[in-house]
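J.: Residue numbers (the working numbering), protein chains in the order written: chain A, 1470 to 1615; chain Z, 9 to 785.
Using N, Cα and C, we set each Cβ at its ideal position, and we do this for glycine too.
1) Are any of the Cβ atoms in chain A nearer than 7 Å to that of residue 134 (chain Z)?
2) Going by other Cβ atoms of all chains shown within 10 Å of its Cβ, with 16 needed for buried, is residue 38 (chain Z) buried or exposed?
3) According to the neighbour-count rule (16 or more other Cβ atoms, all chains shown, within 10 Å of its Cβ), is residue 537 (chain Z) buried or exposed?
4) Whose C-beta lies closer than 8 Å to the C-beta of residue 1614 (chain A) among residues of the same chain, with five residues either side of it excluded?
5) For the alpha helix (DSSP H) containing residue 1564 (chain A), list its first residue and its last residue.
6) Would you check if there are 3 or more beta carbon pairs closer than 8 Å linking the segment 1521-1531 of chain A to the segment 1550-1559 of chain A?
7) Per DSSP, residue 585 (chain Z) forms a beta bridge with which residues?
8) Could you run through the segment 142-169 of chain Z and flag, in chain order, every residue whose CB is less than 7 Å away from some CB of chain A?
9) Please name the residues in the segment 1578-1595 of chain A whose beta-carbon is closer than 8 Å to at least one beta-carbon of chain Z, in chain order.
10) If you measure beta-carbon to beta-carbon, which residues of the segment 1553-1568 of chain A are closer than 7 Å to chain Z?
11) Residue 126 (chain Z) lies in the alpha helix (DSSP H); which residues open and close that run?
12) Determine whether the beta carbon atoms of residue 138 (chain Z) and residue 51 (chain Z) lie at a separation below 7 Å.
13) Straight-line CA distance for residue 9 (chain Z) to residue 249 (chain Z)?
14) For residue 627 (chain Z), count the other beta carbons within 10 Å of its own beta carbon; 16 or more makes it buried, fewer makes it exposed. Which is it?
15) Looking at C-alpha atoms only, which residue of Z:321, Z:497 and Z:546 is the closest neighbour of residue 181 (chain Z)?
16) Where DSSP assigns a beta bridge to residue 1535 (chain A), which residues make up the other side?
17) Measure the C-alpha to C-alpha separation of residue 435 (chain Z) and residue 746 (chain Z) and round it to an integer number of angstroms.
18) Here's the rule: buried if 16 or more other CB atoms are within 10 angstroms of the residue's CB, otherwise exposed. What is residue 287 (chain Z)?
19) Determine, for residue 703 (chain Z), whether the minimum Cβ-Cβ distance to residues of chain A falls below 7 Å.
20) Kindly indicate which three-state DSSP category residue 647 (chain Z) falls into: helix, strand or coil?
21) What residue range is occupied by the uninterrupted alpha helix (DSSP H) comprising residue 230 (chain Z)?
22) Within 10 angstroms of the Cβ of residue 32 (chain Z), are there 16 or more other Cβ atoms? Answer buried if so, exposed if not.
23) Bridge partners of residue 638 (chain Z), per DSSP?
24) Does the CB of residue 57 (chain Z) have a neighbour CB from chain A at under 7 Å?
25) Taking the alpha-carbon positions, what's the residue 654 (chain Z) to residue 464 (chain Z) distance?
26) Straight-line CA distance for residue 216 (chain Z) to residue 160 (chain Z)?
27) Round the Cβ separation of residue 547 (chain Z) and residue 471 (chain Z) to the nearest angstrom and send it over; I've been treating them as touching at under 8 Å.
28) Which residue marks the beginning of the beta strand (DSSP E) containing residue 627 (chain Z), and which one marks its end?
29) Note the first and the last residue of the continuous alpha helix (DSSP H) segment covering residue 384 (chain Z).
30) With a threshold of 7 Å between beta carbons, is residue 699 (chain Z) in contact with chain A?
31) For a test of the three-state rule: what should DSSP assign to residue 356 (chain Z), helix, strand or coil?
32) In chain order, what are the residue ranges of uninterrupted beta strand (DSSP E) at least 3 long that sit wholly in the segment 191-259 of chain Z?
33) Skipping 5 residues on each side, what residues in its chain have a beta carbon closer than 6 Å to that of residue 437 (chain Z)?
34) Between the C-alpha atoms of residue 1594 (chain A) and residue 1472 (chain A), what's the straight-line distance to the nearest angstrom?
35) What residues in the segment 274-305 of chain Z have a beta carbon less than 9 Å from any beta carbon of chain A?
36) Given this structure, state the Cα-to-Cα distance separating residue 264 (chain Z) from residue 708 (chain Z), to the nearest angstrom.
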């Protein structure tokens, strides 16, 4: 499944870039995130509760940041699994200044398997959009308050 | 002698209500999940979420620690058990070893990896989630055509081309036919993967009696005896120590014409833990792990003349086999080839099957099994040829039908059609539908801008499977008829009916032969400890083959009844009919009950006669039977929504002699409903990674009662000489005839937009796009 879109954060690209890789900000912004820890340079471990269609369950996963070009772009590699299946995703986030703020474009591929694929795929697109929207809304709050 | 009343009313041919229905509609039938036993344990199965992966390690510890869990078994515990059997053979067939639990790799989503045994089913289910499997995901392929491309992921590493077999059949002079053709039409036609969706999912109970060293397996199956033979082999158990019981079975449609890993596995578990074990398949498991049907990509080419004469047909058939062969997987597409000329006279055919492995659950027999795909192909191609030369679809069929005087008709694919009057069936369907009038209405509708279509499908099918040389495991059937000492009649049939109604139809046959009442007859089936070896119910065979065995058992029994009657009446000149044995000289008579009592009392045995009234007959059919018919469907497609409305559905089916017209109508209705499912709604969809995205009934649309139109049924009756009852079989007719009739109708509706073919299912989205892009898909 292809996921792409754009969202504006009220911060300059340098700050937005930092925020998007800040474990604390990420943990606070990711819907259902129970835990997010940095395990190495540019590597995180995460636990999140995912609700999709009629199923929900805890996901344990790894996030890796690669191809960093401060403050313009980076690549995000996500892998996780749990009782309800697994997901793998990879995407590029591109940051560009717009009127004192930053437009964050994301473009990536997500693959799901197991029960999420069999039961939830129909709603996956909508759920992904909803989760991303919630994420950026929280990120925006974070950016404003800090 | 007491006064006896001769029964004169006959029941064969009458609309008799089903003896099985009261228990089914009052919820008092016993299915596998209704079986309870002291000390019963429950199994749940961990299944692969990956379509292809290497198993690096499995940690079962956390599951074993879960309170209430008794045992966990993985692939290494079942070495020496299995494999899951494939009963079909073809030259050069590649048969992957199908272990009952995955060993070092998984090959499709749903592949069983471990089984958890616990004190209750909820504990078992919870503990499944505690097993930790370290998978190394591998590239997977789910599309059979992509699987054939160079560089595609290999489903089984030992066969990188993913080809399980190729099969070629040819007759006549195909090249000459195509060289001389005035018209050649080519089309790629997909018969999509379908999920059989029996109302009752599969389920197994296994009970090991260690003292007797005997195992009983209760399974929701169509083939208890074949299962006994095959599961005994897989478990290394002497066959006479295994009993298989098929209790009430809530639908099969071919999906239970199989031996699955779970039957072997539960037998193994019961013997390991020494307790009865139950496993009931969930609906999601049913979608992932029970066989799917169809899965064809067919490339057809038809050659014809401008006067409508069909000259020849070519077919390249790509069969999506899935990851393994289940019991009959590779044999199913060969049935498509046998049936590919349909009921037409042309002699030149060429077929090439490529059986392709994919990382999906195996395909196998599903209602019609190969014949719906073939019928869909030929009926679409005939329509396309007609459209190409501007001929009416009814007329082109009349021109090419095998004629009544040509029977028995040897087909170019090697079958011998028994009897038929194909033109008669189509004429009747046209008459019931009011075809000419409908074409007038269509003209008017088109002037008004409405998209009205009329679709015809004429079909033949191969039924009453079948002569033993043409089947993998014998095609005969057994029957025992027993008159008990009180005159009540027990029938044991080796056919294992599961909803078709043979408890009723076989009783009708018995009533007419023995002159007893329906209430006096009990038909037993589905228990290998009770019933002599039998083949089972599939391929529209139970009545035509199993019923014939009952008929022959009755003939032998009647001879014996007459012998006992003669002794009782002290006469050599007696006749038996209507339940009474009469001395032709004196007119004195004895009833069947009196004869039965005397036969068991055995005080006065006729010379050379055994006591009792029992007769067993194993009947071997000399040929298949070939029912046929014509269905006409009138549709209207909504321009704004793309939705198809079925305005009329006319079904004319000829299944030979009819024992119970109500049951025949029921079979046609159910078959048509499933045909409509394929034509309009159903499709098992795997994504490119081999994930089944239509994983439950919210995503996989089967027709509901409100989606099935009123079906106008009519019949012609052309008896078969293959059996003395003249019956042909009807279980799959509706499914075979329906989908091409619906698609032909919708293509006809959209033909003013330049549409010439649409692949199933005809979803509103697909049709809306065609309408709004001016016929371009």
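T.: In terms of the structure at hand:
1) In the second chain, the residue the question calls residue 134 (chain Z) occupies position 126. Output row for residue 134 (chain Z): interface = no.
2) Position 30 of the second chain, counting from 1, holds the residue named residue 38 (chain Z). It counts as exposed.
3) As a first step, residue 537 (chain Z) must be located in the second chain, where it is residue number 529. That one is exposed.
4) Mapped onto the first chain, residue 1614 (chain A) falls at position 145. Cβ neighbours of residue 1614 (chain A) beyond the five flanking positions: none.
5) For this step, residue 1564 (chain A) is matched to residue 95 along the first chain. Not the alpha helix (DSSP H): residue 1564 (chain A) falls in the beta strand (DSSP E), residues 1554-1567.
6) yes
7) As a first step, residue 585 (chain Z) is located in the second chain; it is residue number 577 there, counting from the start. BP columns for residue 585 (chain Z) point to Z:588.
8) none
9) 1580, 1581, 1582, 1583, 1584, 1586, 1587, 1588, 1590 and 1591
10) 1554 and 1555
11) As a first step, residue 126 (chain Z) is located in the second chain; it is residue number 118 there, counting from the start. Premise fails: residue 126 (chain Z) lies in the beta strand (DSSP E), 120-126, not in any alpha helix (DSSP H).
12) Taking the first residue of the second chain as 1, we reach residue 138 (chain Z) at position 130. Taking the first residue of the second chain as 1, we reach residue 51 (chain Z) at position 43. Result no, Cβ atoms of residue 138 (chain Z) and residue 51 (chain Z) do not sit closer than 7 Å.
13) Taking the second chain and counting its residues from 1, one reaches residue 9 (chain Z) at position 1. Taking the second chain and counting its residues from 1, one reaches residue 249 (chain Z) at position 241. Note that residue 9 (chain Z) scores a pLDDT of 45, beneath 50, so its modelled location is shaky; the value from the coordinates is reported in the next line. C-alpha separation (whole angstroms): 47 Å.
14) Position 619 of the second chain, counting from 1, holds the residue named residue 627 (chain Z). Residue 627 (chain Z) should be labelled buried.
15) Here residue 181 (chain Z) corresponds to residue number 173 of the second chain, with the count starting at 1. Nearest C-alpha to residue 181 (chain Z): Z:321.
16) For the purposes of this step, residue 1535 (chain A) is taken as the residue at position 66 of the first chain. DSSP, once it has assigned bridges, lists A:1544 as partnering residue 1535 (chain A).
17) Walking along the second chain from the start, residue 435 (chain Z) turns up at place 427. Walking along the second chain from the start, residue 746 (chain Z) turns up at place 738. Rounded to whole angstroms, residue 435 (chain Z) to residue 746 (chain Z) spans 18 Å at the Cα level.
18) The sequence position of residue 287 (chain Z) within the second chain is 279, counting from 1. Its Cβ being crowded by 16 or more others within 10 Å, residue 287 (chain Z) is buried.
19) Taking the second chain and counting its residues from 1, the one referred to as residue 703 (chain Z) is at position 695. So yes, residue 703 (chain Z) belongs to the interface.
20) Residue 647 (chain Z) sits at position 639 when you count from the first residue of the second chain. Note: residue 647 (chain Z) maps to coil in three-state DSSP.
21) Reading the second chain from its first residue, position 222 is the one you call residue 230 (chain Z). Element bounds for residue 230 (chain Z): n/a, residue is neither H nor E.
22) Residue numbering aside, residue 32 (chain Z) sits at position 24 when the second chain is read from its first letter. By the neighbour-count rule (16 or more Cβ atoms within 10 Å), residue 32 (chain Z) is not buried but exposed.
23) Counted from its first residue, the second chain places residue 638 (chain Z) at position 630. Partner(s): Z:466 and Z:660.
24) The count along the second chain starts at 1 and reaches residue 57 (chain Z) at position 49. Yes - at least one Cβ of chain A is within 7 Å of the one on residue 57 (chain Z).
25) Position 646 of the second chain holds residue 654 (chain Z). Position 456 of the second chain holds residue 464 (chain Z). Rounded to whole angstroms, residue 654 (chain Z) to residue 464 (chain Z) spans 13 Å at the Cα level.
26) What you label residue 216 (chain Z) is simply residue 208 of the second chain in a count that begins at 1. What you label residue 160 (chain Z) is simply residue 152 of the second chain in a count that begins at 1. The alpha-carbon atoms of residue 216 (chain Z) and residue 160 (chain Z) are separated by roughly 45 Å.
27) For the purposes of this step, residue 547 (chain Z) is taken as residue 539 along the second chain, with counting starting at 1. For the purposes of this step, residue 471 (chain Z) is taken as residue 463 along the second chain, with counting starting at 1. Right, the Cβ-Cβ distance comes to about 7 Å (below 8 Å), so this counts as a contact.
28) To locate residue 627 (chain Z), count along the second chain from 1; it is residue 619. Unbroken beta strand (DSSP E) run through residue 627 (chain Z): 621-627.
29) Taking the second chain and counting its residues from 1, one reaches residue 384 (chain Z) at position 376. 379-397 is the span of the alpha helix (DSSP H), which, as asked, contains residue 384 (chain Z).
30) Mapped onto the second chain, residue 699 (chain Z) falls at position 691. Answer yes: the Cβ-Cβ gap between residue 699 (chain Z) and chain A drops below 7 Å somewhere.
31) As a position in the second chain, residue 356 (chain Z) is number 348, starting the count at 1. Of the three classes helix, strand and coil, the one that applies to residue 356 (chain Z) here is strand, per DSSP.
32) 191-199, 211-217, 222-227 and 250-253
33) Position 429 of the second chain, counted from the first residue, corresponds to residue 437 (chain Z). So the list reads 638, 640, 658 and 660, once near-sequence residues are dropped.
34) What you label residue 1594 (chain A) is simply residue 125 of the first chain in a count that begins at 1. What you label residue 1472 (chain A) is simply residue 3 of the first chain in a count that begins at 1. Taking the straight line from one Cα to the other gives about 8 Å.
35) 292, 295 and 296
36) The residue given as residue 264 (chain Z) occupies position 256 in the second chain. The residue given as residue 708 (chain Z) occupies position 700 in the second chain. Approximately 20 Å between the Cα atoms of the pair.
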